[in-house]
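According to mature numbering (1 follows the signal peptide of the UniProt record, and there is no 0), the stretch in the sequence shown is residues -20 to -1, 1 to 284, in order.
Ideal Cβ placement from N, Cα and C applies to all residues, glycine included.
Predicted model only: the values in this text are computed from it and were never measured.
Single-structure report; data block below.
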Amino acid sequence: MNSKRKILLLISLTLSLMLTKHHFRDREAEEPQLSDWFNPKKRPDVITTTDWLAPVIWEGTYSRQVLEKYYKRLNITIGLAVCATGKLVDQYLKQFIQSANKHFMIGYNVIFYILMDDISRLPHIELGPLRTFKLFGVFKEETRQDFDFIHMKNLDIYIIDQIQHEVDFLFSMTVNQIFKNDFGVETLGTSVAQIHAWWYFKNAHNFPYERRPTSAAFIPLGEGDFYYHSALFGGTPRKVLTMIEEYKKGVTNDNKNGLSSIYEHHLNKYFFINKPTKLLSPEYNWDPNFRTPPQIKLVKIAWQ
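Here's what the structure looks like:
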């Protein structure tokens, strides 16, 4: 009898240990709470939380280690899409890719999606481990030469056909930028917007939103949260696709009314209606022509 009890006790302890290990494994796989990795009190000198409680990422506010413990387990892949046509190829593309290879999402699977109108002009590219690139042709329309519209229309097609099946998160960036420091997983989110360096330190009343009421990009005076930069936005492929679709719809409506508003205005209207879940501070997209104020602790990306 004692022998049977010992066996049952041993089985019970083994099952208990297995359940405990399973519990902790599940806990490790859970997405960290915002308070686990983000501490807005570390930067009282800047806006760190929006009115809708989304974090604004500044140097010193985040723990990348906590986030990496989570994302490493998921074995995620991040996409970075960039469009380079005409003279932009020779001026910026090689430096952009080289700097991104060095600083963008180090230690994670990365796919650089390069959209070009002439793929024969692709410069020689050497990439580090876990990163690769794919070339996509840019199809232009004779009736419309707006660079941003052409870029977004092509990106829309490639996200639907391919990109959404390959990456967990996607960033779209303009090519006239250079990475200066690590751009890591603290930037990942469902819908990510970049605060414009020129306008963060200005009065919101003066933001250069589209003010014509008949435009699809219209934002009334006295309204609006931040002025977002079109040089960088991201999120899940589905959310990026949604933004592009709304932009295309807005452009189409404006054309019917004989209007034309810039891409950045439509981007700002989209984020005015559909609040981003994460905002990147001007440190992630700084203009080096400006005198660097004390609030900018570490420039992640600089304009060229």
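Do the CB positions of residue i and residue j come within less than 7 Å of each other?
| i | j | result |
| --- | --- | --- |
| Y208 | L247 | yes |
| I56 | D148 | yes |
| D25 | Q275 | yes |
| S72 | V155 | Residue identity check: residue 72 is Tyr in the sequence provided, not Ser. Result yes, Cβ atoms of Y72 and V155 sit closer than 7 Å. |
| K258 | G169 | yes |
| N81 | L107 | yes |
| A197 | K249 | yes |
| K160 | V279 | yes |
| H83 | D136 | no |
| V243 | S195 | As written in the sequence, residue 243 is Tyr, which differs from the Val given in the question. Not in contact: Y243 and S195 (Cβ atoms no closer than 7 Å). |
| Q157 | I281 | yes |
| D16 | T65 | no |
| P103 | K67 | no |
| K120 | I130 | yes |
For the candidate residues the options, whose alpha-carbon lies nearest to that of residue i?
| i | options | result |
| --- | --- | --- |
| L221 | S171, F159, I37, F76 | S171 |
| M132 | N161, F213, A34, L68 | F213 |
| V118 | S100, E106, H245, S15 | S100 |
| R111 | V155, L60, N134 | L60 |
| N89 | E48, Q71, Y72 | E48 |
| G40 | Y93, P256, W178, E263 | E263 |
| Y227 | F84, N134, K67, L14 | N134 |
| A173 | N161, D162, Q157, M153 | M153 |
| T29 | K255, Q284, Q157, P200 | K255 |
| G202 | D16, N186, Q157 | N186 |
| K277 | P200, R23, S15 | R23 |
| F151 | Q142, I58, L102 | I58 |
| P12 | L68, Y42, K21, T272 | Y42 |
Cα separation between residue i and residue j?
| i | j | result |
| --- | --- | --- |
| I175 | L260 | 6 Å |
| Y51 | H145 | 18 Å |
| residue 347 | Q45 | Residue coverage of the chain in this structure runs from -20 to 284, which leaves residue 347 outside it and unanswerable. |
| V36 | V62 | 24 Å |
| I224 | Y138 | 12 Å |
| F206 | Y180 | 7 Å |
| S241 | T167 | 28 Å |
| F127 | K219 | 22 Å |
| W283 | F76 | 10 Å |
| P217 | F113 | 17 Å |
| N237 | K229 | 13 Å |
| P273 | D141 | 43 Å |
| F18 | L239 | 42 Å |
In the DSSP assignment, what are the bridge partners of residue i?
| i | result |
| --- | --- |
| P35 | T29 |
| N89 | T57 |
| F163 | F84 |
| Y42 | F18 |
| E190 | F198 |
| V172 | G214, K258 |
| V62 | I94, M153 |
| F113 | F92 |
| A282 | I158, W266 |
Tell me whether residue i is buried or exposed, calling it buried when 16 or more other Cβ atoms sit within 10 Å of its Cβ.
| i | result |
| --- | --- |
| F270 | exposed |
| W32 | exposed |
| L95 | buried |
| A177 | buried |
| N265 | buried |
| L(-4) | No answer about L(-4) holds up, because its pLDDT of 48 lies below 50 and its placement is not dependable. |
| residue 285 | A query on residue 285 cannot be resolved here, the shown segment of the chain reaching from -20 to 284 and no further. |
| K1 | At K1, the pLDDT of 41 sits below 50, so the modelled position is not reliable and the matter cannot be decided from this model. |
| D234 | buried |
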